[in-house]
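Notes for the one structure printed next.
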Amino acid sequence: MAKQARTDTEAGGGRDKDKEDEQDGMSVHSPCKAPPSSASSLPKEQSQVDLELRLLEALEIYPPVKLRGIHRHFVLYGLMEFMRRRFDRNFSSDEVLQLLDRFYNLEVLKPDDEEMEILNHEEDFSLPQSYFVKEEI
Numbered sequence: 001m002a003k004q005a006r007t008d009t010e011a012g013g014g015r016d017k018d019k020e021d022e023q024d025g026m027s028v029h030s031p032c033k034a035p036p037s038s039a040s041s042l043p044k045e046q047s048q049v050d051l052e053l054r055l056l057e058a059l060e061i062y063p064p065v066k067l068r069g070i071h072r073h074f075v076l077y078g079l080m081e082f083m084r085r086r087f088d089r090n091f092s093s094d095e096v097l098q099l100l101d102r103f104y105n106l107e108v109l110k111p112d113d114e115e116m117e118i119l120n121h122e123e124d125f126s127l128p129q130s131y132f133v134k135e136e137i
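Residue numbers (UniProt numbering): 1 to 137.
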């Protein structure tokens with residue numbers, strides 16, 4: 001039937017195709033799917049507005065700038081705990097990051113290669129020679 005609609009559309013000048021799109025509930029201007037930043041995996045039991053307000057409250061204590069660097073996981077844990085206390089249920093780190101993604105571009109907070117080199121730099125430790133010299137009386 002779709003093949004027949006195409007041939008009718010081609011012959012009819014496109015009018016039938018527009019009607020077919022309207023019947024599907026989709027138009028050229030409607031999005032095909034929800035944007036990836038929407039928190040669709042979050043449970044619907046809390047209103048989205050309430051979730052966002054509590055997250056913004058948490059950001060007063062744990063600013064998103066601190067999500068960069070070596071303290072990133074501690075700040076993320078703090079945000080998770082804040083949300084857990086407010087809603088009396090556990091939030092995963094992915095859920096919190098998904099909520100944050102609504103307000104901030106989290107790609108900017110990811111560490112760059114230069115920062116990773118500094119964090120991964122290892123240097124052998126050795127005690128100074130003066131530590132090994134015994135004092136003789």
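Virtual Cβ for every residue (Gly too), placed ideally from N, Cα, C. Bear in mind the structure is a predicted one, so any value in this text is a computation, not a measurement.
Non-local C-beta neighbours of Leu79 in its own chain, meaning closer than 6 Å and more than five positions away in sequence, comprise Ala58, Tyr62 and Val96, ordered along the chain. Taken through DSSP and simplified to helix, strand or coil, Phe132 comes out as helix. According to the DSSP assignment, Asp124 belongs to no alpha helix (DSSP H), since it is labelled neither H nor E. In chain order, Leu67 and Arg68 place their CB closer than 6 Å to the CB of Leu109, counting only its own chain and leaving out the 5 sequence neighbours on each side. Residue range Ser93 to Leu100 is occupied by the alpha helix (DSSP H) that includes Leu97. In this structure Arg54 is not in contact with Arg89, their Cβ atoms being roughly 12 Å apart against a cut-off of 8 Å. Going by C-alpha positions, Leu56 is about 33 Å away from Glu117.
Rounded to whole angstroms, the gap between the alpha carbons of Asn105 and Val65 is 11 Å. By the neighbour-count definition (other C-beta atoms within 10 Å, threshold 16), Phe82 is a buried residue. Assigned with DSSP and collapsed to three states, Tyr62 falls in coil, not helix or strand.
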